[in-house]
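Quick note: the sequence shown uses UniProt numbering, first residue 1, plus one each step. Below is one structure, written out as structure tokens, with a few remarks after it.
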Amino acid sequence: TPESVPPHALRCFSSCSSWLPQRVALRGSHWQSSLLGVRTSLPVRAQPKKKKKVDVKKEQAQKERMKKKLKKLEKAAPELIPIEDFITPLKYTESNRVRSLPTLSPEESERRVLLLKKWCLFKQKQDEAEKKAIKALVESQQEALRELQLESEELYQAAI
């Protein structure tokens, strides 16, 4: 027996059979097993399932039915949505407020102004980054087209 394995561990392994499921001590919750626990799943020794014999005629008939259904769907005009569904009723668009807004303290109004300024700065930087990325992509595309023109005029014309 190796000296690195403690004797109580050997007793546990010698008494348990490897092909029987064993209980593993759980840590705190039911979905986490102990890291020191023995693997408890049974080995799977089943043969793979046999393939079903495919009836070619049935498969062809099913494909044809699907094609017919697709053609029928393509021929049918798209269902139009009534205009009334797009019109918002006036009772929802009226701006009659029931509650009045509470008066804000000077600190709160200052905080909101600063927050709005930070948001504007963030969106401005984001917009500049997007424009810079698009510009870089366009420039690399133009460079690739120039290189393609140097290599082959036919490929360049086909690419344009």
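Ideal Cβ placement from N, Cα and C applies to all residues, glycine included.
Task: Nearest-angstrom beta carbon gap, A159 and L148 [assumed within contact, 8 angstroms] - done: Contact flag correct, Cβ pair sits at about 6 angstroms.
Task: Span separating the alpha-carbon of R146 from that of E153 - done: 10 angstroms
Task: Alpha-carbon to alpha-carbon, K52 and residue 178 - done: With the chain covering only 1 through 160, there is no way to say anything about residue 178.
Task: Residues near K135 by beta carbon distance below 7 angstroms, same chain, minus five either side - done: Counting only Cβ-Cβ distances below 7 angstroms, and skipping sequence neighbours, we find nothing.
TODO: Identify whether R99 lies in helix, strand or coil by the three-state DSSP scheme.
DONE: coil
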